[in-house]
Structure formats: structure tokens, C-alpha cells
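Accompanying notes for the structure given below.
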Amino acid sequence: MSLFSLPAVKGLIAQILGTIAGMALTTVIRALMGLPAWKAEPAWVVGALLGGVAFLFAVGAFDDWLQWMVGKETPLRHGPPPDRPAWTRYFSVDYNHKVIGIQYTVWGLFLLMAGGTFALAFRTELLRSGMQFLGLELFNNFIGLHGIVMIGGILLGVGGMANYLVPLMLGAEDMAFPRLNALGFWFNVPGALLILSSLLVGGWDAGWTGYPPLSARGPIGYQLFFLGVYFIGLSSIVGAVNLLVTILHMRPKGMSLFRMPIFVWGVFATSLIQLTATQLIGLSFLMVLVERTLGMGFFDPGLAGPGKALLEGGGDPILFQHLFWFYSHPAVYIFILPGLAVIGELLPVFARKPLFGYKWVALSSLAIALVGFLVWAHHMFVSGMNPGLRVPFMFATLLVAVPTGVKFFSWVGTIWGGKLHFPTPMLFVLGAISVFLIGGLTGPILGTVPTNMPLHDSYFVVGHFHATMFGGFVFPFFAALYFWYPKVTGRMYNETLGKIHFWLMTPAFWAQTLGQMTVGVMGMRRRIADYDPALGNGMIQAGHVVITIAGFAIAFGVLLMIYNFIRSAEVGKVAGSNPWRSRSPEWQIPSPVPEHSFAAPVTVVGEPYDYGLAGSTYVRMAAAGDD
Amino acid sequence: MSSVAVSIHESYREKLRNNRLGLWLFFVSEAFMFGGLLAARFYLWREDGVVVRPALDQQLGLIVTSVLLLSSYFMNRAETAIAHDDRENFLSGLLITAFLGLVFLAGVVIFEWGGHIKPWDGVFGAVLFGMTGMHALHVLSGVIFILIIWWNGRKGHFSADRHWGVEACAIYWHYVDLVWIFFYPALYLIGRVVH
């Protein structure tokens, strides 16, 4: 089998050719219009767009729909490709939600590691004041790339968990729209490549928030960044449509909404945000894109156009911040709601006790999602927006603490008096709770206007944000990886290596986040390449040393996990179908899960988390053949 | 009906149920994008706290709006026709809708965009071209969708029981029409005229 017959490779080649074709097309059109034929910016925009679309066509994401367009019906493909080795299905358009879930997870882990590498690079630069090995430009580029690549990685991680687990947890055959599901994943590949390749055309130096006017005037790298985010955003939207329809329509008999595993509730709430808010980051980036390409004055007040003498000048950068944060604040709830739901999912298994306050936890996810739409301007307290907006947004922000508090009560209530076991996933769940507590307690400090003012744009914000992301996503995600690893591969991971990973990463992360907050209070500003060594009575450098060493320790832990997973897939001991004695449907079927997950229809007959209740049953599977 | 036919029928009904919900969720999503554009319009077209608008060709606005509204009638006629297996009115309804859609597009792209405001003319150009451009893209995709449906309909696809493609196309067309019902007053009617 030649490498070039692999659909992913075909896609990559098509993306390159599509980019070149788009640039040529732009040049020809400009020449026909009588303009100077070559202009780099529009050529790159059209080229990047066509390249991304070409990837999707060449990989085969549109194959079935193209058939439908000419009136042919296509049956849903099942199983590995007939003419190629089975592993190639992971590099092809495959319609099985389990394959797509793995694709999301692996590509997500790759992006998380790439994003982490950018962070390690600029963290090393920050070890000492003065510039050592990164130029100022590259430093700014790495800051932005760290942010957006991590966000992409997190979105993919969320997509991976949701796609793999939701149909299994519901007892459904697959997602509602398998073809859309595959397209949703493949959007991410050209999207991420566009973002990473922006470094080749000058990069972009405004940080991942891409605020104009800087982003409206900087190098061409911005355009690739905007388009890359647009592609990943499309993935979020079609993925959310798919998950919402699956959750609402694909539940088997007896699976009422309040009998769904709590993780499904988390995904439901997250999908509501992804479905709606994502449009706004797409729109805001698209508006800067056309502002740069066609001179449309949405945001840059100083934009000079030919009609300027006749009409009013350019636009208003504050508008961009409103549109941008309307997505980008709820986005953090997209990241954490599935993570917090993993905590709720795993705690009862390892405490052998019902989840405390199931309905309240389920509804708290929805409450966070809804309140999350009303808090965006707390990112803008010092931006120069209408000051009258500050206090309402402050109160709305503090309101988020209520449903989040419900979750904490539930976790404590579930642990309380439980028969606790501590394998690696449980350790990561407890680590998540401890880290999320740090992030949660520092939230109100930043959400309150008077304390926000001095701390705004300081490293204190960086510390708070990373604690919420690690507590709300990274720790639960790792817990989920360890927990469902035996279900995916059929083998157990190495427990000792898992525990070393945990005991390395958790103290390192505490040191990192508390260190970031400390240097922030000393006066360290975020996104700045250099600092005054006299800050904090000369203690600031010590702080940066601690943060950087902790960062490398976390990275080492992650590598250990990857090694563990790769190695254990071959030598790990066979796990059996239900090593954790879980009640959830996915553990009642063989590991690894067969191509058609459930051999027989699933019926839900009881409550999901009645651990420790004698004789209680959650799901029942009809014997094969008996309908 | 044999049991196999029953189960195929069931699976079509199930898919139809999923498709309908999926399409409506997509509209909810799109509503946020169009809503963002409307928000930008009311944020940027404002002078000293008063909502303003540029002077646009009122006759043109009225004509394209009427054409688009009229097209929705023919779309509905086409969908109703196929639901009654009336192939003739189904196909002609689609063609008339596509034609009216193209008239609308011509009105916007040739006449509106050819007017005195250009995209680079500050906030007026930006918002006008941003809103009409995004809407025109949707109209264009709707016309292409209609033509694909027409092409397949002509070859004998779709029936009274099975015409999800037609239904989706019709709802999409009405949705794009509905968006314009919000955009038209925002661009042409609301606010004090300046420039």
C-alpha cells in the first residue's frame, strides 16, 4: 500500500495544491480587473480558504453528499476499509463514532502537546529578565500560538470524549448523523494546519484574542490564524448539532433525560454553547479578515479608505471585544462542563455510592451554560466600554459561583462516607477538584470590579485561568483517558506509571498556578517578554524559575502518560469488560467495543448511580436475537 | 407490507425526525451569526447616541424585498405540490423560486453594491456590505440548493411520502427570507438618514 493512497495524505497534498490554485486564481482575477496582479494578502486569504476546502474534498469528507446531489443513495459504510489495512481507517473518513472519537482524541493530544511546547519555549525565555534566545516578535507569536493551539486541543479533547462516549452511554447505535460527525472531525485538520503554518508568513503578534487595531494591521499570519479558527469553529457547530440531536432523539427505551449518565448532561450543556456562541468568534474574526482584505472599517478607527472624506471614518475596537468575548467567555464553559461531568461520572464508581444530588448536578450544567452567556463583558472592565455595564456584568459573573458551588457540594457529598478506591483515574479526579477549587476561589476576586482593576492583565489572571483549565479540563481529561483506556484498547494501562504521572503533575501544577498568581501580585504583566528583576523585592525571578520547572515537570508527566498508553496497548494485562465495576452501559459490553457496539437493544430499568444498593439495575440488554 | 418494508419505513421516519431537529438547530446557530451582524449595525451606525443610516435607494430596497417575499410563496407552492405528488407545479414552483432568488441577488449585487457606498467607506460601507454580503451568500447557496433539488426532481426523485430534500430546501429558503425581514428595516428604514 502506498503512502499516497492514504486519504489524510491525499488531503494534505490537496491542501497545498488548493492553496497554490487559490493564489493563482486571485492573481488572475486581479489582473483581469486591472489591478496590480500580485498582492500577497488577498492571494493568501483565497489560497488558504481553497486549500482547506480542497483538503476536505480530497480526504473524502463530502463523498456521500456529492453522490446524494446527483440523486444516488449511499448506504452507510461500516467497518474498516476493504482494500487497505485496518489501521488506515484512523487516517480516513470513517463513520463509526468510536473511530471518530479516537481521531479527535489523538489529534487533540497532539495539539495539546504542540501548544504546551510553545509555552515551554517562552517560559524558558522568562527564566531570566532580559531577552535570551527568543526575539520579541517570536515571543509574542508563541504566546498567541500557545493560547489558540491549546484551545483547539481542548476542543478536540472534548469532541473526542463526547463522540466516543455519548452514544455508548446512551445505549445508542451511533451518532444521529455519522457523515456530519466525520466532517466535523476533519475540519480540524486543515484548520490546525492553517494556524500552525501562520508562523511561515510572518505570524501574528496580538495574542490569541487577536484584538484590533493591532490584528487589523499586523502581518499576513493573522489571516491564516482567522481562517484556521473558522474551520475549527465549523467543527464545533456541526459537532454540537450532532450531539444535541443524538442526546434528544437517540435514547433507548427507559432512558429518560434524568436517567442519562451525568457526562451526557455535561456534553448537552456544552453543545448548547458550541452551537450558538461559536458563530460570534467566527463572525468577529471574519470581520477583521474582510477589514484587512477589503478595507471594511468595522473595528480600526484609524482605517483610511478612499471614501473617508465623504463618510465617517473607521469602526470601533470595543465592538470586536463584545463580539469576541460573547463566544470566548462561554468557550471556557465549553471546555470545563464535560470535564466537570467526568468528575461526577467517576466519583460514584470509585466511592461505590450514588452521585449526590443527581438532578441538581444535571441542571447546574445547564445553569452554568445559560448564565455564561451573560458575563462576557467582565473581560472588558478596563477596556473603555460604557462603565454602566460593569456592575451588571459583575453580578452576573458572581452568579456563576452558585451552580459551580452545587457541583462542589455534590462531589463532597459523593465522597462523604464512600468506600473510596484510589487507582489513577480517581487520583486525577481528586486532583481536578483540588485544582478547580484554586481556580474557583480566585474567580470572584477577578470578577469583582474593584479587585479586577489592579489585577487586570497581570499574571494573577494567568494563574486563575490555568487553574480553571487544568481543574476543569486537563485533570478530568486525563482521568477520563486512564478510566476509559481499558474500554478502548481492551487492556489495562500501567498503574505505577499512571501514579507517577499523577504525583509529578499535581504538585507541579499547584506550584505553577500559585507561582503565577504570586508573580502577578508582584507586578508581573501577562504576555510580556521581559520584566524588571527588581519586582517583588527581587523575588520575581525565583517565581519564574518555579513556574518554569513546574511546567517541564508537567510536560514530562504527559510524555510518561503517552508512553504508558502506547506500551500498554501491547503488553498491558487484558482488562475484561468491566474492570471498574461501573453501571454505565458502555461497561456492559466487551472491551474493546465491537464494531456495532450493542449486540441487542438496551433498555433502561433503573437509576444510573445506585452504587451499593442491593438488587438495583440500571440497564438491561435483551439477549441477542430476542427482540 | 412485509416486515422489512415496515422497518425501512420506520428508519426513514426516524431519520426524518433527526434531520428536522438538526436543521432547526443549525438555524438557531445561524441566528446568532445574523444577530451578531445586527448588533454590529446598531452599535456602529450611531451618531451622538442616535441611530442613523445611510441614504439607500428606497425603491430598490422595496423591490428586492418584495421579490424575495414573493419567492417564498412559490417555494411553499412547490413543497405543497410534491406533498400531493403534483410534479408539474413542484418543478415550476422551484424554477420560479430560483429565478426570483436570482433577481434578488442581481438587485443587491449589481444595483445596491453599484451605488454610492463602497465597502471601504467607513462603518457605513463595512456594515452595509457585511450584512448584504453574508445574506447574499446564503441566498446564493439557497438558489444552488433549489437547482439541485429541481435537477433531481426532474429525474423523478422525491414523492409525496419521501421528500426530505425538498422540505429542507424550502425551510432553508424561508429562513433566508426571514433573515432579510430583519435586515431590510435595519438597513433601509430605522434611524435618521445621514450621508
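Protein sequences appear in the order of chains A and B. Take any residue in the first sequence, note its place counting from 1, add 1414, and you have its number in my numbering. Take any residue in the second sequence, note its place counting from 1, add 194, and you have its number in my numbering. For each residue, glycine too, the CB sits at the ideal point set by N, CA and C.
| Item | Value |
| --- | --- |
| In the DSSP output, what is B/Pro248 paired with across the bridge? | B/Val388 |
| Counting beta carbon pairs with one atom in the stretch 1446 to 1466 of chain A and one in the stretch 1635 to 1648 of chain A, are three or more of them shorter than 8 Å? | yes |
| In or out: A/Tyr1518 buried (at least 16 other Cβ within 10 Å) or exposed? | buried |
| Alpha carbon to alpha carbon, how far is A/Pro1947 from A/Ser1848? Give it in angstroms, no decimals. | 32 Å |
| By Cβ distance below 6 Å, which residues in the same chain neighbour A/Tyr2032 in space, the five residues on each side in sequence not counted? | Arg1997, Gly2020 and Pro2022 |
| Is it the case that the Cβ atoms of A/Lys1424 and A/Ala1472 are separated by a distance below 8 Å? | yes |
| With 8 Å set as the bound, which would you pick, yes or no: does the beta-carbon of A/Met1483 sit closer than that to a beta-carbon of chain B? | yes |
| For B/Leu256 versus B/Glu306, is the C-beta spacing smaller than 8 Å? | no |
| Do you know whose CA, among B/Val303, B/Ala380 and B/Arg271, lies nearest B/Ala364's CA? | B/Arg271 |
| State yes or no: is the C-beta of A/Phe1770 within less than 8 Å of the C-beta of A/Ser1685? | no |
| Measuring only between beta-carbons, confirm whether B/His351 sits less than 8 Å from chain A. | yes |
| Run through DSSP, which three-state label would A/Arg1941 get? | coil |
| Okay, do the stretch 1840 to 1858 of chain A and the stretch 1778 to 1788 of chain A touch, 3+ Cβ pairs below 8 Å being the bar? | no |
| Going by beta carbon distance, what residues of the same chain come within less than 8 Å of B/His351, once the five residues before and after it are set aside? | Gly359 |
| Skipping 5 residues on each side, what residues in its chain have a beta carbon closer than 8 Å to that of A/Gly1721? | Low per-residue confidence applies at A/Gly1721: pLDDT is 46, beneath 50, and the placement is therefore not dependable enough to give any value. |
| For a test of the three-state rule: what should DSSP assign to A/Arg1542, helix, strand or coil? | coil |
| At least one CB of chain B closer than 8 Å to the CB of A/Leu2055: is that the case? | With chain A running from 1415 to 2041 in the structure shown, residue 2055 of chain A is simply not present. |
| Sorry if obvious, but does the Cβ on B/His329 come closer than 7 Å to a heavy atom of the ligand MG? | The model depicted lacks the ligand MG and carries no ligand whatsoever. |
| Between A/Arg1804 and A/Gly1861, what straight-line distance do the alpha-carbon atoms span, to the nearest angstrom? | 10 Å |
| In the DSSP assignment, what are the bridge partners of B/Glu361? | B/Glu361 is not bridged to any residue. |
| Would you tell me roughly how many angstroms separate the C-alpha atoms of A/Thr1660 and A/Phe1682, rounded to the nearest one? | 10 Å |
| Is there at least one Cβ from chain B nearer than 8 Å to A/His1870's Cβ? | no |
| Ignore the nearest five residues each way along the sequence and tell me which others in A/Val1652's own chain have a CB closer than 7 Å to its CB. | Leu1594, Leu1597 and Gly1598 |
| Determine, for B/Ile342, whether the minimum Cβ-Cβ distance to residues of chain A falls below 8 Å. | yes |
| Count the other C-beta atoms from every protein chain shown that fall within 10 angstroms of the C-beta of A/Ile1516, then say buried if there are 16 or more, exposed otherwise. | buried |
| Who pairs with B/Glu208 in a beta bridge, going by DSSP? | In DSSP, B/Glu208 forms no bridge with anything. |
| For the alpha helix (DSSP H) containing A/Thr1502, name the first residue and the last one. | Careful: A/Thr1502 lies outside any alpha helix (DSSP H) and carries neither H nor E. |
| DSSP three-state label for A/Thr1488, please. | coil |
| State the beta-bridge partners of A/Ser1629 as determined by DSSP. | According to DSSP, which records beta bridges pairwise, A/Ser1629 is partnered with nothing at all. |
| Since B/Val337 and B/Leu383 are thought to touch, with beta carbons under 8 Å apart, how far apart are those beta carbons, to the nearest angstrom? | Actually they are not in contact, since the Cβ atoms of B/Val337 and B/Leu383 sit about 26 Å apart, beyond 8 Å. |
| Our contact map puts B/Trp367 next to B/Ser286 with C-beta atoms below 8 Å; I'd like the distance itself, whole angstroms only. | Not a contact, Cβ separation roughly 16 Å. |
| Would you kindly work out how many angstroms separate the C-alpha atoms of A/Phe2012 and B/Val317, rounded to a whole number? | 57 Å |
| Jot down the residue ranges of each uninterrupted alpha helix (DSSP H) in the stretch 1533 to 1587 of chain A, minimum 4 residues, whole runs only, in chain order. | 1550 to 1584 |
| Hey, which unbroken runs of the alpha helix (DSSP H) at 4 residues or more fall wholly within the stretch 1826 to 1881 of chain A? | 1838 to 1861 and 1863 to 1869 |
| Among A/Met1583, A/Met1936, A/Gly1448 and A/Phe1418, which residue has its Cα nearest to the Cα of A/Trp1898? | A/Met1583 |
| For chain A, check one thing: does any of its Cβ atoms lie closer than 8 Å to the Cβ of B/Val261? | no |
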